[in-house]
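Just so you know, we're using the UniProt record's numbering here: the sequence shown kicks off at 1 and counts up by one. Heads up, the beta-carbon is just placed ideally off N, CA and C, and yes, glycines get one too. Below is one structure, written out as structure tokens, with a few remarks after it.
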Amino acid sequence: MPYRQQVIVPGEIYHVFNRSVAKIPIFEVKNDYKRALEVFSFYSYEKTPMSFSKYNRLSVDQKKNLYEQMRNNLDKNIEIISFCLMPNHIHFLLKEIKIKGITNFMRKFQDSYAKYYNTKSDRNGAVFQARFKVIRVESDEQLLHLARYIHLNPLTTYLVKDVIDLDRYAWSSWMDYLGLREEKYLSTDLLKNHFPSLESFKKFTLDQADYQRTLSRLKHLSLE
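Laid out in structure tokens, this is it:
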């Protein structure tokens with residue numbers, strides 16, 4: 001297995017991302033995305049009382065009660081600041097809380113989702129590339145630009161056609177920052193505290209939407 005050069009340190013924030021093997025689409029239908037959200041929210045806790053597969057077999061009420069117990073009693077491995085699930089890749093902004101928190105979180109998330117995907121697709125083998133990528137966030141400016149990049153990803157890649165559709169894209173944290181949904185596993189204050197209002201945060205993000213699309217097109221042309 002390749003050696004990871006980036007050292008992950010508690011208290012630091014990282015852009016964490018990975019792609020599927022051979023760029024195959026691994027999030028194809030709504031249930032795939034929902035499964036991924038449930039898995040990574042579950043494994044954001046340090047010592048879960050059972051595997052996600054066992055948790056998923058509980059009744060709705062049992063799951064609700066157990067998850068509430070986890071929220072009240074368990075420490076977090078990581079803080080999830082922002083995320084975006086795309087058809088063949090994932091992006092996170094994560095803060096390392098416990099030593100090896102990000103590594104354990106990503107391992108458990110990828111292993112759990114891979115088992116689900118292989119079972120439903122009747123296939124074997126790796127689903128994600130062997131090593132997820134990680135880049136330390138070195139400044140507030142970098143943090144804000146990375147969050148913008150992550151939230152604009154569906155628009156940049158034409159997965160959604162416009163800003164209105166971006167606001168409805170349920171598979172990123174963008175809806176949560178807009179107040180259209182509130183996922184309790186997210187830590188939103190770190191980004192929100194940089195802006196005096198929701199409108200200023202939204203403006204900061206969307207003002208670069210066309211520019212980011214242009215950069216994406218140029219990148220693809222240069223690779224042809």
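In this structure, the CA atom of G11 is about 27 angstroms from the CA atom of G179.
Checking the DSSP bridge columns, you'll see Y45 partnered with K76. Burial check for S112: the Cβ neighbour count within 10 Å reaches 16 or more, so the residue is buried.
With fewer than 16 other Cβ atoms from the protein chains shown falling within 10 Å of its own Cβ, I99 counts as exposed. Under the three-state reduction of DSSP output, V16 falls in the strand class. Per DSSP, the unbroken alpha helix (DSSP H) holding K202 starts and ends at 198 to 206. Linking F40 to K30 through their CA atoms gives a straight-line distance of about 16 angstroms. According to the DSSP assignment, L166 belongs to the alpha helix (DSSP H) that extends over 163 to 167. Taking C-beta separations shorter than 8 angstroms and ignoring five residues to either side along the sequence, the partners of L93 in its chain run I13, Y14, H15, V16, I80, I81, S82, F83, V137, L143, L146, A147, I150, following chain order. Assigned with DSSP and collapsed to three states, L152 falls in helix. A residue is called buried once 16 or more other Cβ atoms fall within 10 Å of its Cβ, and N153 is buried on that count. The shortest C-alpha to C-alpha distance from R131 to any of T157, T103, Y117 is the one to T103. The beta carbon of N77 sits closer than 7 angstroms to those of S44, Y45, E46, I97, K98, G101, N104, F105, all from its chain and outside the five residues before and after it, given in chain order.
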